Each structure stands twice: as C-alpha cells, then as structure tokens.
Amino acid sequence: MPAGQRGFTLIELMVALAVLAILAVLAVPSFQDFRQRSALRGAADQISIFWGNARFEALRRDSFVKVGFHTDGDQFCIGAARRIDEDDNTACDCLTAGACDIAAYPASQREWNGVRVASATTLGSGDGLVIINPKRAGLTDSDDEGRIFLQAPANGPMDYRLNVVIDRNGRAFQCEPSAAPSKLSDYTGRQC
C-alpha cells in the first residue's frame, strides 16, 4: 500500500455497523410513536376541516346540509349532502362513491393511515347524522351536538386517543379524553 493511504480494517467496519444497528433499534420505537401521533392528528384535522367545509357549503348554497359520520366494521367515513326535503333525515352513504352530493371523506380507507374509531359517535343523538342550518351555520337541533372518538393505529407502542367535538353552535374542536391511556403533550390544555 502506498504511503499516506490507509483503509478501514474489518474490525473498524464491524464496530461501525454494530453502532449503526444499535442506533436503528433505538430509533424504531420513536419513529413508530411519531407515526401514530401524526396519523391520529391528521385524521382529527381532516374531520374538522370537512366539518368546516360543510358549514361553508350550507351558507354558500343557502340550503340545509346533512352531515353524517358512518361506520361499518373497520371502515368509517364522513359525508355531506343537501337536504332537499325537510323530512329527509337519512345520511348519505359516504362509503359508496358518489352517494354524497356535496362531499365525502375519505376516497379510500387507506387515507385514515390506520386510525380507528374508539367507540360509537354521540353525534346526532348517537346516529351520527346532524343537519346544518344555512342561516347561522349551526346545528338545527342543539341536542345533536356530540363527539367522534378516534384511536391511534394499533401498530405502535402507545394508545393515543382524540375526540372531535361538534358543539351546539356547529363549531368543531379537538380534545384529548382525560382518561386516554397515553397522553399527547400538545393536548395537555385541551382535555375533555
């Protein structure tokens, strides 16, 4: 070997690989925890944004808008449709493409990124359907206020939970259940 040129020995290479392997093993749980938190926050944000858009559509169209949160086994969605007939209190089937004439979310269940529904919704007295009044963008029946209960994906180390709450005035906000098994640090002041 020419003078001044030196390579790695096999032992140095093995030590470097061992250190990298240890760092990777330590990083995996943190990464899974980060993915869980991000997926849960993203799902709660999507529901809140959808709700805000449905309220806007009621005002824009000057029409009553039905918003339904629908679950079927492991699948769930939120959909919005115009209420043509005042006796029409049926939610659009947001799991069927094109069934909701205003909007539906998600287009594919993969968009929830593994987030699950923790328990049955209390929206609309438990049936998941609420009607938005076009004059004030609030609920037509204040008794329909309620919550959508979300739970983080099951493939991570923690059990995070978030609620999306729709109040009687039609506003959506997110909070962490006070009895949540694992706590999200940025929700300590927003517990319910």
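The numbers in the working numbering rise by one with no breaks, and the one at position 75 of the sequence shown is 61. Each residue gets a CB set at the ideal place from its N, CA and C atoms; glycine is no exception. Please read all numbers here as calculations on a predicted model, not as lab measurements.
Check each candidate in G54, C178, E43 and D129 and name the one with the smallest Cα separation from Y91. In the sequence shown, the residue the question calls residue 91 occupies position 105. If we check each option's Cα against that of Y91, G54 comes out closest.
Pick out the complete beta strand (DSSP E) segments inside the segment 7 to 77, 3 residues or longer, and give them in chain order. 51 to 58 and 61 to 68
So, do the segment 31 to 48 and the segment 7 to 23 have three or more beta carbon pairs nearer to each other than 8 Å? no
Write down every uninterrupted run of the alpha helix (DSSP H) in the segment 81 to 152 whose length is 4 residues or greater and which is fully enclosed by it, in chain order. none
Can you tell me whether DSSP reads A158 as helix, strand or coil? Within the sequence shown, residue 158 is the residue found at index 172, counting from 1. It is a strand residue.
Beta-carbon within less than 7 Å of G110's beta-carbon, same chain only, minus the 5 sequence neighbours each way: which residues are those? Indexing the sequence shown from 1 puts residue 110 at position 124. Once the five neighbours on either side are set aside, the close Cβ partners of G110 are V116, D130 and G132.
Does A93 pass the burial test, meaning 16 or more other C-beta atoms within 10 Å, or should it be called exposed? The sequence position of residue 93 within the sequence shown is 107, counting from 1. Burial call: exposed.
Assuming contact is defined by CB atoms lying nearer than 8 Å, are A140 and G114 in contact in what I supplied? Walking along the sequence shown from the start, residue 140 turns up at place 154. Walking along the sequence shown from the start, residue 114 turns up at place 128. The answer is no: Cβ separation not under 8 Å.
Is the CB-CB distance between S168 and C178 below 8 Å? Numbered from its first residue, the sequence shown carries residue 168 at position 182. Numbered from its first residue, the sequence shown carries residue 178 at position 192. Contact: no.
Residues of its chain near I33, where Cβ-Cβ distance is below 7 Å and the 5 sequence neighbours each way are ignored: Here residue 33 is taken as the residue at index 47 of the sequence shown, counted from 1. Only I64, I134 and V150 meet the Cβ criterion.
Is it buried or exposed, K52, if we count other Cβ atoms within 10 angstroms and call 16 or more buried? Translated into positions along the sequence shown, residue 52 becomes position 66. The residue in question, K52, is buried, as its Cβ has 16 or more Cβ neighbours within 10 Å.
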